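*Asks:* Numbering follows the UniProt record's numbering, in which position 3 of the sequence shown is assigned residue number 3; successive positions increment by one, without gaps. Sharing a structure here in structure tokens format.
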Amino acid sequence: MTAQFLLALAAIAIGGACISMQAPINARLGGHLGDPVAAAAVSFGVGFLVLAAATVVKGSVPGLAQAGAAPWWAWVGGALGAVYVWAAAWSVGTLGVVTMVAALVFGQLLAALAIDAVGAFGLQVREVSWTRIAAVGFVGVGLLLSRL
């Protein structure tokens with residue numbers, strides 16, 4: 001394994017830990033605001049401010065020509081993230097963090113298999129092997145076990 005690979009693993013593991021914290025935090029905010037959608041909006045607003053500041057500090061503010069050259073589907077990432085933030089804030093109180101995250105990862109992996117199979121979003125096509133299907137199945141079993 002290369003240093004780049006290990007750094008990528010560490011970065012996404014930290015991101016995963018943030019997701020586990022984000023749902024109950026947003027759920028609590030939703031309770032105070034009286035609406036999980038409002039909590040999701042606040043969460044995205046704060047996230048926007050953090051990312052906008054990081055973009056400015058980094059000096060990588062894109063021009064309109066660069067932004068206009070992106071394919072149409074490149075613009076829906078924020079909407080997809082909004083669905084996640086709302087769903088997590090809404091469901092974590094009922095499911096608990098472990099089951100919510102297990103269901104989240106299971107859904108991500110099912111979609112990932114399909115994305116890899118067709119090379120969606122400009123990615124390289126990757127084989128959907130029995131071992132990859134089994135890995136997703138094991139996560140599904142973990143999801144079921146999280147409710148016992």
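From the three backbone atoms N, C-alpha and C, an ideal C-beta is built for every residue, glycine too. The structure displayed is predicted, hence computed values, not measured ones.
For a quick check, are the C-beta atoms of A89 and A39 less than 7 angstroms apart?
*Replies:* Against a cut-off of 7 angstroms, the Cβ pair of A39 and A89 comes out as a contact.
*Asks:* Assign L104 to buried or exposed, taking buried as 16 or more other Cβ atoms, counted over all protein chains shown, within 10 Å of its Cβ.
*Replies:* Counting Cβ neighbours within 10 Å, L104 comes out buried, since at least 16 surround it.
*Asks:* Straight-line CA distance for Q22 to G93?
*Replies:* Using only the alpha carbons, I get a separation of about 13 angstroms.
*Asks:* What residue range is occupied by the uninterrupted alpha helix (DSSP H) comprising W90?
*Replies:* Unbroken alpha helix (DSSP H) run through W90: 77-95.
*Asks:* State the DSSP-derived secondary structure class of M1, mapped to helix, strand or coil.
*Replies:* In this structure, M1 counts as coil in the three-state DSSP scheme.
*Asks:* Within 10 Å of its beta-carbon, does A70 have 16 or more other beta-carbons around it, so buried, or fewer, so exposed?
*Replies:* When all chains shown are included, A70 counts as exposed.
*Asks:* Would you mind reading off the limits of the alpha helix (DSSP H) that contains V46?
*Replies:* Looking at the DSSP string, the run of the alpha helix (DSSP H) that includes V46 is 36-58.
*Asks:* Could you tell me which of A65, M1, A87 sits nearest to N26, measuring between CA atoms?
*Replies:* Per the Cα distances, A87.
*Asks:* Indicate whether the contact test is met: 3 or more Cβ pairs, each with one atom in the segment 5-24 and one in the segment 60-79, closer than 8 angstroms.
*Replies:* No: the two stretches stay apart, fewer than three of their Cβ pairs being nearer than 8 angstroms.
*Asks:* Using DSSP with H/G/I as helix, E/B as strand and the rest coil, what is Q108?
*Replies:* Reduced to three states, the DSSP call for Q108 is helix.
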